[in-house]
Amino acid sequence: MTVNGLDQRGRQGPSPLAGERIRPLSRWQIEDRLEELGDLYAQTSGGDPRAWNQDRRLFLRALAVEVQRPGFALLVAERGVLREPPGAGVVLTGCAYGFPVRAHGPWWRGLDGYLPRDLLRLAASGKLFAISGLLVHSEVRTQNQGRDWNLARRLQRRLLADHSAALTDRPAVLGVILVDRRDTVTLRALRSWGWRSVTADSKDAPPSTPCRALVVGP
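Just so we're aligned, residue 24 is where the sequence shown starts under the numbering used here, counting upward by one.
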């Protein structure tokens with residue numbers, strides 16, 4: 024990620040907003056760039072490089088299912104680079120995707136054990152959006168997490184804004200994500216990007232849940 028700060032020689036670095044372009048991909052464009060998306064997942068997963076091929080296949084298989092959901096949206100962050108032979112090109116530096124939560128369906132049935140009822144009601148009007156994937160490099164997780172121009176913050180904010188723009192009267196949209204309770208690294212990163220934990224109403228919550236629900240937005 025390009026950061027707005029001093030480099031090791033004390034010089035001012037380029038603006039992060041100028042260095043990263045965020046744009047949506049259509050389903051057909053996603054199909055054309057599956058190889059790049061798989062590579063991005065492998066590079067940002069933080070796992071053992073020896074397991075990248077298997078992890079990459081599992082990611083692409085899961086993405087193929089996600090793409091079929093109604094209202095699915097995927098954003099990529101791109102940065103221009105110089106390549107050999109000489110010429111301009113772009114590389115993926117980040118990706119975020121998700122879909123609106125419907126009042127009926129697998130996600131609804133799963134969320135009723137995690138979210139309070141007042142938030143669940145947002146699904147009926149399209150104001151609840153599940154961000155099911157957020158791929159960024161490690162420096163985005165550890166540097167300048169609270170800045171508005173942090174790439175993860177920009178991606179999640181743009182996903183919600185784009186969905187809001189598609190709704191009548193452009194209402195505020197709440198983002199939701201479920202994370203394995205044992206995945207403390209991801210939980211810590213999400214909280215640094217403005218996500219907050221929520222819990223279901225006491226009478227609706229099961230005795231124990233494998234995941235933690237977090238929301239971002241109003």
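The C-beta atom is built at its ideal place from N, Cα and C for all residues, glycine as well.
Take the Cβ of residue i as the centre, count every other Cβ of all protein chains shown within 10 Å, and call the residue buried at 16 or more, exposed below.
{"i": "A195", "result": "exposed"}
{"i": "G61", "result": "buried"}
{"i": "P123", "result": "buried"}
{"i": "W216", "result": "buried"}
{"i": "A119", "result": "buried"}
{"i": "V202", "result": "buried"}
{"i": "N173", "result": "buried"}
{"i": "E43", "result": "buried"}
{"i": "A188", "result": "exposed"}
{"i": "R144", "result": "exposed"}
{"i": "G103", "result": "exposed"}
{"i": "G149", "result": "buried"}
{"i": "R204", "result": "exposed"}
{"i": "A175", "result": "buried"}
{"i": "R140", "result": "exposed"}
{"i": "L81", "result": "exposed"}
Among the options, which has the Cα closest to the Cα of residue i?
{"i": "A65", "options": "D78, E43, D171 and V221", "result": "D78"}
{"i": "V199", "options": "L142, L174, L178 and R164", "result": "L142"}
{"i": "L6", "options": "D224, S231, E162 and P233", "result": "No answer is possible for residue 6: the residues shown for the chain start at 24 and end at 241."}
{"i": "H127", "options": "A74, S155 and R92", "result": "R92"}
{"i": "L182", "options": "P233, G121, L190 and G149", "result": "G121"}
{"i": "S68", "options": "G156, W51, E89 and G112", "result": "G156"}
{"i": "V90", "options": "V163, D185 and S49", "result": "S49"}
{"i": "G117", "options": "R204, R211 and V163", "result": "V163"}
{"i": "H160", "options": "T209, G94, D192 and N76", "result": "T209"}
{"i": "R211", "options": "G112, F152, Q168 and L197", "result": "Q168"}
{"i": "E7", "options": "A74, G94 and V113", "result": "Because residue 7 is not part of the residues shown, which for the chain are 24 to 241, the question remains open."}
Does DSSP put residue i in a helix, in a strand, or in coil?
{"i": "T116", "result": "strand"}
{"i": "D71", "result": "coil"}
{"i": "L190", "result": "coil"}
{"i": "G121", "result": "strand"}
{"i": "F152", "result": "strand"}
{"i": "D62", "result": "helix"}
{"i": "L48", "result": "strand"}
{"i": "R180", "result": "helix"}
{"i": "P37", "result": "The pLDDT assigned to P37 is 41, lower than 50, so where the model puts this residue is not dependable, and the model offers no usable value."}
{"i": "T25", "result": "Reliability of the predicted coordinates at T25 is poor, the pLDDT of 19 falling under 50, and no value is obtained from them."}
{"i": "V238", "result": "strand"}
{"i": "V199", "result": "strand"}
{"i": "V221", "result": "strand"}
{"i": "V99", "result": "strand"}
Contact check, residue i vs residue j under 8 Å by CB: the rounded distance?
{"i": "L115", "j": "A100", "result": "7 Å"}
{"i": "A146", "j": "R125", "result": "6 Å"}
{"i": "I45", "j": "L178", "result": "6 Å"}
{"i": "L83", "j": "L57", "result": "6 Å"}
{"i": "L98", "j": "L151", "result": "The Cβ separation is near 18 Å, so there is no contact."}
{"i": "G136", "j": "T207", "result": "Contact flag wrong, Cβ pair sits at about 21 Å."}
{"i": "P47", "j": "D185", "result": "7 Å"}
Is the CB of residue i under 9 Å away from at least one CB in chain E?
{"i": "R92", "result": "Chain labels in this structure do not include chain E; a single protein chain is all it has."}
query = Is the stretch 234-241 touching the stretch 208-222 in the sense that three or more CB pairs, one from each, lie closer than 8 Å?
reply = As far as the Cβ criterion goes, the stretch 208-222 touches the stretch 234-241, which means the pair count is three or higher.
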